[in-house]
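Here's the structure we're looking at; comments come further down.
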DNA sequence: ATGAAAGCGCTAACAA
DNA sequence: TTGTTAGCGCTTTCAT
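Protein chains in written order, with our numbering: chain A, 26 to 401; chain B, 26 to 401.
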């Protein structure tokens, strides 16, 4: 039988409430009593039952991570960081994989809601309105999506796309393709907008191809189009797609970077290992995981004790944290980009090969941003 | 305020126990009452509080996954499969990352023990005796480690290593290196034993290099040794190491597979994407995750209701499931292996290039094995 | 500083 | 078939 608070009380000759206090409010108990109780607890191997505790405090000390696809290499570092951060604050984390399915996502959120103090929605696929509705049931932090009035952790892929396009223009490319990601992705929209602006500013033409599935196959499938379109460079929605594109071009006999330069987004581990090594926009996924957990727990701490049980946020007059954090990205220049037809002219934006002087943005240096709405 | 069983009772004009029964023993309640209760529950958005339920039933309907390193690409497919399988049985899963640290592992197991009905230990790093002790506190299933009397899910990497060595011998290699994995890894020991036997049988000499960290760097670091040792082929503990080795050899001007053939183990997604594509022993990680969850929940179901609370297994006379499941592996031949100096002689064990007739072992076809002890 | 008592939301005998 | 009652392990007033 598992040892309960009562066993400890009996062993140390005090009332169970004293034992309880020893753990949840140590300063309220006589130091001598405390050590005695602690000793007995240690002895018996007592661990408070969190379910029982949750029942009365309304705090489970659990959080939930809703992930679009664990097998997508973008997510594991985020999960790892989030889990580690949560644990350091004595929280445990449920991980749930939605398989990129919006309705599975909704179901999961509901199933978990009662068991957690808050949820991290990572690259959610459901509609904004559903998310807003959910946020009334359970504290939420959204990663990679911007919603008015909700705490979000965003990666500045817009900035990244700008750096990427500048890099390509500097190398002498004037015809650039953009391989778009999934419809309705906030990240995708940001990339497109910034890439377009940067291309315009640099006197280059941007051809948007897509939307595409955010996978290797999405990239392979576009290789033929890329070749025919006559572009000399391409920016892909993510690394997986970029790697697929390189593969596809290779199969068509098109050399990367000699004939076409390719840039990805994410800097997944994989990107250092392919041949050629991928030039890419590094997104601070670990920092995002940590930050998101911090924001969630902050929210949790802020809530008045009265508003207990899940769905606490619904209580009248409760101040919500709605900070939106924008994490910086950086361009990592490797071997998949090279000189284009207009090389040597204009200002030398072309970085030298190798791990050149790429923009170094400290991932631990978030920029808080006033939240403004963006549809979907 | 969250809606409780009492709200539903009030709304449908029955006692709370009837509502309770409607959910946990529907057959005991009048169909008409049932639909009414269900309707009210639906209306109010009622969801049973699992913590409260757990408190009395002793079943949390949660399981825990203890993972050595989520960022290691070997694990995500396993996690994904396990989570999906668990959910289909209405279980939620805690994921905890130990960072390959045995003591973190122990701490985590204890922290989680009270909150789960069972734990999956994936490639555990702690000692056998500790695991055995733990298994008395909480139902356990161990993946990638064999212990007497404990349910284990094993991948037959021994068979895989044999296939790999046979393949190399068939290609005409007679001097083969084995890049060992971490000390104390069951997988490592199996690979070494089988590879040695297969080499002996094939008239080849096997040189063991290591132990090495199971990472890309582990492989890079051995490149120089491999070159100097004069072998013409190498089998690595895992794909990451194999990829690192290829990288390292490349840096030394040694061509793979022309001068040295390389084989990995695991068949992580990455391995299809490197150049050259990696020949490797595919381990059925998803099947392992599914199977392990099944075994755990089976155990859970078997336990008599009397033995409630966690640590149920400790009750006297409780029959434990101790089946050990061995999952088949297969050799996937890609581009990192080619003819060796003795090619053309002997029987043509050399498979043709391409996705040839490699051994097809159905991952859904486990072989149950009588458990026999293996230290560490 | 400690004890007594109530009760979190739910299930499980037992009665009716 | 339904209601009554007790209580899972814990925290938290309220007394003392």
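The beta carbon of each residue, even a glycine, is placed where N, CA and C say it ideally should be.
This one's a predicted model, so the numbers in the text were calculated from it and none came from an experiment.
Measure from the C-beta of residue i to each C-beta in chain A and report whether the shortest distance is under 8 Å.
i	result
residue 245 of chain B	no
residue 81 of chain B	no
residue 150 of chain B	no
residue 74 of chain B	yes
residue 108 of chain B	yes
residue 352 of chain B	no
residue 144 of chain B	no
residue 119 of chain B	yes
residue 140 of chain B	yes
residue 319 of chain B	no
residue 98 of chain B	yes
residue 36 of chain B	no
For residue i, collect the residues of the same chain with a Cβ closer than 6 Å to its Cβ; drop the 5 residues on either side in sequence, then sort them by chain order.
i	result
residue 206 of chain B	213, 239, 262
residue 361 of chain A	281, 282, 287, 301, 303, 304
residue 145 of chain B	90, 166, 317
residue 62 of chain A	37, 44, 47
residue 315 of chain B	106, 110
residue 359 of chain A	302, 303, 304
residue 216 of chain B	182, 186
I'd like to know if residue i contacts chain B, where contact means its C-beta is closer than 8 Å to some C-beta of that chain.
i	result
residue 302 of chain A	no
residue 102 of chain A	yes
residue 11 of chain A	The displayed coordinates of chain A run from 26 to 401. Any statement about residue 11 of chain A would go beyond what the structure contains.
In three-state terms, what does DSSP make of residue i?
i	result
residue 298 of chain A	coil
residue 320 of chain B	helix
residue 180 of chain A	strand
residue 201 of chain B	strand
residue 241 of chain B	helix
residue 333 of chain A	Any reading at residue 333 of chain A must be qualified, since the residue scores a pLDDT of 39, below 50, and its modelled position is unreliable; the value itself is stated next. Coil.
residue 271 of chain A	helix
residue 117 of chain B	strand
residue 185 of chain A	helix
residue 307 of chain B	strand
residue 62 of chain A	helix
residue 235 of chain A	coil
residue 286 of chain A	strand
residue 151 of chain B	coil
residue 349 of chain A	strand
residue 260 of chain B	strand
residue 291 of chain B	strand
residue 355 of chain B	strand
Whole angstroms are fine: how far does the CA of residue j sit from the CA of residue i?
i	j	result
residue 170 of chain B	residue 182 of chain B	12 Å
residue 208 of chain A	residue 259 of chain A	19 Å
residue 295 of chain A	residue 269 of chain A	12 Å
residue 228 of chain A	residue 107 of chain A	41 Å
residue 368 of chain B	residue 271 of chain B	22 Å
residue 323 of chain B	residue 178 of chain B	14 Å
residue 153 of chain A	residue 313 of chain B	37 Å
residue 223 of chain A	residue 191 of chain A	7 Å
residue 202 of chain B	residue 236 of chain B	13 Å
residue 149 of chain B	residue 157 of chain A	41 Å
residue 29 of chain A	residue 184 of chain A	54 Å
residue 252 of chain A	residue 356 of chain A	25 Å
residue 168 of chain A	residue 349 of chain B	41 Å
residue 138 of chain A	residue 245 of chain B	46 Å
residue 94 of chain B	residue 151 of chain B	14 Å
residue 180 of chain A	residue 114 of chain B	36 Å
residue 277 of chain B	residue 321 of chain B	48 Å
residue 299 of chain A	residue 70 of chain B	50 Å
Note down, in chain order, each residue of its chain lying with its Cβ closer than 7 Å to the Cβ of residue i, except the 5 sequence neighbours on either side.
i	result
residue 59 of chain B	47, 51
residue 54 of chain B	43, 46, 47
residue 66 of chain B	33
If residue i and residue j are in contact, beta carbons under 8 Å, what's the gap, nearest whole angstrom?
i	j	result
residue 257 of chain B	residue 164 of chain B	Actually they do not touch by this definition, with Cβ atoms about 48 Å apart.
residue 111 of chain A	residue 120 of chain A	Contact flag wrong, Cβ pair sits at about 11 Å.
residue 103 of chain A	residue 307 of chain A	Their Cβ separation, rounded to whole angstroms, is 13 Å, which puts residue 103 of chain A and residue 307 of chain A out of contact at 8 Å.
residue 80 of chain A	residue 77 of chain B	6 Å
residue 234 of chain B	residue 274 of chain B	Between residue 274 of chain B and residue 234 of chain B the Cβ distance is about 13 Å, and since that is not below 8 Å, they are no contact.
residue 220 of chain B	residue 231 of chain B	6 Å
residue 289 of chain A	residue 264 of chain A	4 Å
Below 7 Å, is the gap between the Cβ of residue i and the nearest heavy atom of the ligand GDP?
i	result
residue 366 of chain B	With respect to the ligand GDP, the structure shown offers nothing to examine, as it has no ligands at all.
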